[in-house]
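Peer 1: Residue numbering for the sequence shown follows the working numbering, beginning at 6 and increasing consecutively. Heads up, the beta-carbon is just placed ideally off N, CA and C, and yes, glycines get one too. Remember, predicted model here, so these are calculated numbers, not experimental data.
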Amino acid sequence: MSEQDRPEWAPLPAGLSREASLLAEQLRLLKERTGLSLAALADRTHYSKSSWQRCLNGRQIPPRSALKALAEAAGADPSRLLSLREAVLRAVPAPTPAPETPGAAAPETLSEPAAPTKRHWRLLTAVLLAVLLTATGTYVTVTQLVNQDGAGCTTLETDP
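#1: Select from Lys123, Gln58 and Ala96 the residue whose C-alpha is nearest the C-alpha of Pro16.
#2: For the putative contact between Arg33 and Leu75, defined by C-beta atoms under 8 angstroms, what is the C-beta separation to the nearest angstrom?
#3: Could you give the C-beta distance for Thr50 and Ala71, rounded to a whole number, given that I count them as a contact under 8 angstroms?
#4: Taking the alpha carbon of Arg69 as the reference point, which residue from Ser55, Lys54, Asp48 and Val93 has its own alpha carbon closest?
#5: Cβ atoms of Arg90 and Leu28: under 8 angstroms apart, would you say?
#6: Closest by CA to Gly20, which one among Ala96, Leu87 and Pro83?
#7: How many angstroms separate the CA atom of Glu24 from the CA atom of His125?
#8: Measuring alpha carbon to alpha carbon, tell me which residue in Gln65, Trp14, Tyr52 and Pro18 is nearest Glu37.
#9: Determine, using beta carbons only, whether Gly20 comes closer than 8 angstroms to chain B.
#10: For Asp10, does the count of other Cβ atoms within 10 angstroms reach 16, so buried, or fall short, so exposed?
#11: Starting from Asp48, trace the alpha helix (DSSP H) in both directions and tell me its first and last residue.
#12: Give the secondary structure of Pro98 by DSSP, where H, G and I count as helix, E and B as strand, and everything else as coil.
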């Protein structure tokens with residue numbers, strides 16, 4: 006990527022620890038290596054565009070899973086990023102890390118992945134469609150069985 010093609014990054018926050026600055030710079034380099042836009046990176050890694058912006062600008066420490074996803078997208082070994090993350094967490098003035106557990110979202114955390122939500126709705130739609138088709142098939146079958154003798158009801162008479 007030439008200097009002309011490089012995105013212009015916002016300056017890192019003043020007072021950011023050396024370790025946090027190194028992590029943000031490494032994130033930026035790997036993001037550039039992927040050749041992906043922020044939106045495409047969000048789709049590929051299942052972390053939102055705004056979450057990546059916060060991480061790439063040093064305002065938030067990404068969770069381990071986000072670092073692994075970025076490294077995979079860039080074809081890199083995640084161990085350096087994970088080591089830098091641990092160093093940032095040990096540094097005295099460091100941003101608050103994002104929670105690793107789903108559902109424990111704080112105001113400045115990575116958003117939950119967008120794709121699983123879409124998958125959830127697709128699965129729910131498929132299940133509802135299967136239930137509807139099963140109910141319709143059952144109704145049609147029962148209706149045909151009841152109406153087989155043509156009178157709409159069955160008889161209990163026996164031949165003498």
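Peer 2: Per the coordinate set shown:
#1: Checking every option, the nearest Cα to that of Pro16 belongs to Gln58.
#2: The pair is not a contact, with the Cβ atoms about 11 angstroms apart (cut-off 8 angstroms).
#3: The Cβ separation is near 7 angstroms, so the contact holds.
#4: Among Ser55, Lys54, Asp48 and Val93, the Cα nearest to that of Arg69 is on Val93.
#5: Taking 8 angstroms as the Cβ cut-off, Leu28 and Arg90 qualify as a contacting pair.
#6: Closest by alpha carbon: Ala96.
#7: Going by C-alpha positions, Glu24 is about 38 angstroms away from His125.
#8: Out of Gln65, Trp14, Tyr52 and Pro18, Trp14 has the C-alpha closest to the C-alpha of Glu37.
#9: No chain B is part of this structure, which consists of one protein chain only.
#10: Model confidence at Asp10 stands at a pLDDT of 48, short of 50, so the residue's coordinates are unreliable; what they give is reported in the following sentence. The residue in question, Asp10, is exposed, as its Cβ has fewer than 16 Cβ neighbours within 10 Å.
#11: In the DSSP assignment, Asp48 falls within the alpha helix (DSSP H) that extends over Leu43 to Thr50.
#12: Any reading at Pro98 needs caution, since the residue's pLDDT is 49, under 50, leaving its predicted position unreliable; the model's value is listed next. Residue state for Pro98 is assigned as coil, using DSSP reduced to three classes.
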